[in-house]
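Read through the structure below, which is laid out as structure tokens, and then see the notes.
Numbering (this note's numbering), first residue to last: 280 to 366.
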């Protein structure tokens, strides 16, 4: 979702947002931008600047991408578990 090069360019506040998102992806996928701002101790404007810096047009696009990533991860995990159980 975030490239290594993008993460290397983040400032201190953006790092806080990044760490919260990476640590709580399922929770973030259901949060409003204000809730994410409160939980990561920044403003909603800082969230939007972070998302622009990471290549997203806005919060809705980011949440859609995050939810899709979570779905893909869950599908891959189920596949691995199913394969493991039948092997």
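C-beta atoms are modelled at their ideal positions from N, C-alpha and C, and glycine is treated no differently.
Option in the options with minimal Cα separation from residue i
i: residue 322; options: 343, 307, 292 and 306; result: 292
i: residue 300; options: 288, 287 and 280; result: 280
i: residue 289; options: 303, 304 and 329; result: 329
i: residue 337; options: 324, 314 and 349; result: 324
i: residue 339; options: 309, 355, 302 and 305; result: 309
Buried or exposed by the 16-neighbour rule on C-beta atoms within 10 Å, applied to residue i
i: residue 307; result: buried
i: residue 353; result: exposed
i: residue 316; result: buried
i: residue 342; result: buried
i: residue 282; result: exposed
First through last residue of the alpha helix (DSSP H) which encompasses residue i
i: residue 325; result: 323-332
i: residue 287; result: 283-287
i: residue 318; result: 312-319
i: residue 297; result: 291-302
Cβ pair residue i, residue j closer than 9 Å
i: residue 312; j: residue 294; result: no
i: residue 332; j: residue 285; result: yes
i: residue 319; j: residue 298; result: yes
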